[in-house]
Structures are given as C-alpha cells and as structure tokens.
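**Q** In our numbering, the protein residues as written are 8 to 315. Think of the CB as a built atom: it goes at the ideal place given N, C-alpha and C, for glycine as much as any other residue. Predicted, not measured: the structure shown is a model, and the values here were computed from it. Before anything else, here's the structure in question.
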C-alpha cells in the first residue's frame, strides 16, 4: 500500500469520531481563549441621583452603560453586583433642570472585579425637578436688650438686613410671610451693642433655605441723666392767659444731650376749651427726639385775656 493510500485510509477511518473530537477541541479553545483573552463589553449600571433636600425628580432617569475591558470571568462579576453611579445635586440649585457630567470617577465597581473602565455612555444627562420659589420676606426680631442701671436705650432695635431671601419648594415658600430671629436676651448692656443673631428656620418646611442665615441687630445704649428745666413758658393762644404762665419740666435722656438742653429746648402748650373759657386743661410737652420730658404740673388754668 502506498503512503498516499495509507494517509487517505487513516483520515477517513472512524471519521465521525475524529470530526467530533475536532469540533470539541475548537469549542474548548474558544472557551479557554474567552477566559484568558481580554474583551470589551458595555455593562448597564444603576444610576442614583440625589436631589436637594425637599425637592423631587420629575423625570425618569435615562439608561446608562459603562464600557469595561477584561476577561470573561471578571466581566461576569459585574452582573452579580451591578456597578453604581451616584450623583448629588447641589443644595443651591433653584432651576427646574440640571445637566450632569458622568465620568468614570463617579463609578462604584465591586473591588474584586479585575476590569478597567473605558468610558461612560452617555457622558452627560439632564434631569428635571419640581419647581422652586424664591421670595424676599421681612425679618421679625425676637431680641431683647436690657440696659444696665443708669443706662437706657433711646432708639428701636435695628436689624441688618431688614429682609432676607427664602427659596425652596413652592408650596412651602408661598406660605412664608416673615422669618424670625432666634430668641436672644442680653442684659446689663452699657454701650452700643451689635449682635450677630441666627434666623430661626425651624418650621419653614423641608428644603427651604434662607439667605443670609444670620442678621446684625444693634442697639444704642448710653448713660442717662435727668435735669429740671425751670421757667418753661406755657404757650396758649394770643388772646388767652395761663395760670401759672410757666412750669418746671423734667427732662431725661442721653447724658451728653441732656446737659446741653435749655428751657427753650422744650415746648409746653395748653389748648383752651372755647366752650368753657375758665377751665383747667392738660399740658402737652414736646421735646427733641430721644428726650423724655414731663411737666411737673400736669395742667393749668386758662382764661380769656381781660375776662372777655
């Protein structure tokens, strides 16, 4: 038998068995190659978007995939524990839409998966949120300043700024008419004082923010003194007389101002009753702003001049 004939006989002898062995070898090679040769695959990931407190997303999140490279058995791990991308929206967000950039650095992949990240698809997404409202409202003071003995406060408390901006979910913000400070009680104050007072945001609603969060409250506290101004004339109409015609007035106020007051610094007047020409009428005392003035005689008798 020739060599060619022997080879032909060997090839075709038991050919079904030999063909099956060849197919199995090819499949085994493909399986082994898939386990050891890196491949590229797009894997779906779980997207978690955290909105600002008190706000909600109003649109469905788009599907996101990440392209990984690795061997088959490592890639299979990603289907057992899905990769996650978690992004938080800024608390200062006031618009109803926001665009997010998605990067490989945002990705959380199980640590025992020996794979590399190539890219995130898509690279940017837009999300929609419920509406937010912004308003300016006045500040209500709950601050008490108690001067020390011998001192007093001669003007009202001043707050800066007088109004603040509130922003947040529309149902909550639309109900806010003012924002109060926290309660502060300062005692034994002997000079001008300025306090930084936080605003009370409790109860304004979830997700409501106030800007600024604090205000400046000031009070002018100064030493006080009292003086008696004698011989202050009682002013009556030209055809009327007053008895007495002059009175003593006690003035009280900031010491540096009281010391400069004279009897001309205050005005005392009596208004006659036309229907009762001989009657005792109360006195009205006017003093410079910030000065308290009281006539020691609270009323005088007035009459028409000449008895007419």
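I need the boundaries of the beta strand (DSSP E) containing residue 107, first residue and last residue.
**A** From DSSP, the beta strand (DSSP E) with residue 107 extends over 104 to 108.
**Q** Taking C-beta to C-beta, are residue 2 and residue 294 nearer than 8 Å?
**A** Outside the modelled stretch of the chain, which goes from 8 to 315, sits residue 2, for which no answer is possible.
**Q** Since I believe residue 123 is in contact with residue 75 (beta carbons under 8 Å), could you give me their beta-carbon distance rounded to a whole number of angstroms?
**A** Yes, residue 75 and residue 123 are in contact; Cβ-Cβ is about 7 Å, under 8 Å.
**Q** If contact is defined by three or more beta carbon pairs under 8 Å, each pair taking one atom from either stretch, is the segment 196 to 208 in contact with the segment 47 to 54?
**A** Output reads no: the segment 196 to 208 does not touch the segment 47 to 54.
**Q** Can you give the Cα-Cα distance for residue 298 and residue 64, rounded to whole angstroms?
**A** Roughly 60 Å between the two C-alpha positions.
**Q** May I ask you to verify whether the segment 74 to 90 touches the segment 141 to 148, counting CB pairs closer than 8 Å and requiring at least 3?
**A** Short answer: they don't touch.
**Q** Looking at the structure shown, is residue 111 part of a helix, part of a strand, or coil, going by DSSP?
**A** Looking at residue 111 - three-state DSSP - the assignment turns out to be helix.
**Q** Report the rounded CA-to-CA distance for residue 166 versus residue 112, giving the unit in angstroms.
**A** Their Cα atoms are separated by approximately 46 Å.
**Q** Considering only C-alpha positions, which residue in the set 228, 126, 252, 307 is nearest to residue 154?
**A** Checked all of 228, 126, 252, 307; the closest Cα to residue 154 is 228.
**Q** Using the C-alpha atoms, what's the distance from residue 84 back to residue 131?
**A** The alpha-carbon atoms of residue 131 and residue 84 are separated by roughly 26 Å.
**Q** From residue 296 to residue 149, what distance separates their C-alpha atoms?
**A** Cα-Cα distance, rounded: 25 Å.
**Q** Between the C-alpha atoms of residue 254 and residue 163, what's the straight-line distance to the nearest angstrom?
**A** The straight-line gap from Cα to Cα measures roughly 31 Å.
**Q** CA-CA distance, residue 107 and residue 189?
**A** If you take the alpha carbons of residue 107 and residue 189, they lie about 38 Å apart.
**Q** With distance defined between alpha-carbon atoms, name the residue in 270, 247, 269, 259 nearest to residue 307.
**A** For the residues 270, 247, 269, 259, the minimum Cα distance to residue 307 belongs to 247.
**Q** For residue 67, which option in 104, 231, 160 has the closest C-alpha, if you only look at C-alpha atoms?
**A** Of the candidates 104, 231, 160, the one whose C-alpha sits nearest the C-alpha of residue 67 is 104.
**Q** Which complete alpha helix (DSSP H) runs does the segment 253 to 300 hold, if anything under 4 residues is left out?
**A** Runs of the alpha helix (DSSP H) inside the segment 253 to 300: 262 to 265.
**Q** Residue 202: which of 235, 152, 212, 217 sits nearest, CA to CA?
**A** Comparing Cα-Cα distances from residue 202 to each of 235, 152, 212, 217, the minimum goes to 152.
**Q** Is residue 233 helix, strand or coil when you go by DSSP?
**A** In the structure shown, residue 233 sits in a strand (DSSP, three-state: E or B).
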